[in-house]
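J.: This is the structure I want to talk about, given as structure tokens.
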């Protein structure tokens, strides 16, 4: 395929999948239950954090987290009593357990109490075409509270050559602003052009078949290569192609 043919093909797939029908089978449905900005952010962040493995299980366990927090995640994060954290005791999603969830709730409380919220922290260190430094700095701030070392693995650090798929997905949800009704676009301080594609096994395999990616591992270097090629197709909104790569991989078995 020529570059123009590839762009036309991918733009068609973006149009096919970037619509409200996508929501019902995706973890983005969890933050879509809310209207308050902070509820959307926290529901999105926690759902994205456990977004690996079986999608039905991800959605089921994300709903469970919201239920535990009385379906008012911001209020729970800010005003919970210590005894209420005991309700989290039986929560587990793969290697993310109740202790991790408690730490995340306290980390979020610190972010909103002392750092002006998630958007403020993420917007501080973004660069022209990259959120990698911003994600790395966010991780430092998030874990400035008391925590077990094991919990740190649940937030990836791009400086360590991670593709940081789940955080990049969360950032897409918050920042991308179009009229399609899937992504929220509630964060106005970060440009869409700085976003990275949430690189996982599905999008990676499709990207290789389309020669958007040559590197074999799905790591930070692969993400840089993929992002560079997607920015050639649309410098203002490169991450929209996540819908095409993901849809081709998951729904079409491309």
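Residue numbers (the working numbering): 3 to 256. Don't be surprised by glycine CBs; every beta carbon is placed ideally from N, CA and C. Every value quoted in this text rests on a predicted model; they were computed, and no experiment measured them.
Need the endpoints of the alpha helix (DSSP H) that residue 1 sits in, please.
T.: One cannot answer for residue 1 here, as it falls past the ends of the chain, which runs 3 to 256.
J.: If I measure Cβ to Cβ from residue 30 and keep anything under 7 angstroms in the same chain, skipping five residues before and after, which residues do I get?
T.: Result list for residue 30: 175 and 184, in chain order.
J.: To the nearest angstrom, how far is the alpha carbon of residue 19 from that of residue 245?
T.: One C-alpha to the other measures close to 6 angstroms.
J.: Rounded to a whole number of angstroms, what is the C-alpha to C-alpha distance between residue 14 and residue 71?
T.: If you take the alpha carbons of residue 14 and residue 71, they lie about 39 angstroms apart.
J.: Spatial neighbours of residue 141 within its chain, please: C-beta separation below 6 angstroms, excluding the five flanking residues on both sides.
T.: Answer for residue 141: 157 and 159, listed in chain order.
J.: Report buried or exposed for residue 85, applying the criterion of at least 16 other Cβ atoms within 10 angstroms of its Cβ.
T.: By the 10 Å Cβ count, residue 85 comes out exposed.
J.: Reducing DSSP to helix, strand and coil, say where residue 129 ends up.
T.: If DSSP states are grouped into helix, strand and coil, residue 129 belongs with the strands.
J.: Under 6 angstroms Cβ to Cβ from residue 103, same chain only, skipping five residues before and after it: list those, please.
T.: So the qualifying residues of the chain are 90 and 93.
J.: Quick one: what's got a C-beta closer than 6 angstroms to residue 137's C-beta in the same chain, skipping five residues either side?
T.: Around residue 137: 160, 166 and 169.
J.: So, is residue 28 buried or exposed, given that buried needs 16 or more other C-beta atoms within 10 angstroms?
T.: Answer is buried; the Cβ neighbour count reaches 16.
J.: Helix, strand or coil: which one does DSSP assign to residue 94?
T.: Note: residue 94 maps to strand in three-state DSSP.
J.: Output the distance between the C-alpha atoms of residue 135 and residue 197, rounded to the nearest integer angstrom.
T.: Going by the C-alpha atoms only, they are around 12 angstroms apart.
J.: Could you check where the alpha helix (DSSP H) with residue 62 kicks off and where it finishes?
T.: First-last of the alpha helix (DSSP H) with residue 62: 57-70.
J.: When the Cα of residue 238 is compared with those of 203, 220, 178 and 189, which residue comes out closest?
T.: Among 203, 220, 178 and 189, the Cα nearest to that of residue 238 belongs to 178.
J.: Note down, in chain order, each residue of its chain lying with its Cβ closer than 7 angstroms to the Cβ of residue 256, except the 5 sequence neighbours on either side.
T.: Answer for residue 256: 208, 211 and 250, listed in chain order.
J.: Taking all protein chains shown into account, do 16 or more other C-beta atoms lie within 10 angstroms of the C-beta of residue 130, making it buried, or fewer, making it exposed?
T.: Its Cβ having fewer than 16 others within 10 Å, residue 130 is exposed.
J.: Note down, in chain order, each residue of its chain lying with its Cβ closer than 7 angstroms to the Cβ of residue 52, except the 5 sequence neighbours on either side.
T.: Same-chain partners within the cutoff: 60, 63, 64, 95 and 98.
J.: How many Å lie between residue 125 and residue 110 at the Cα?
T.: Each residue's Cα considered, the two are about 16 angstroms apart.
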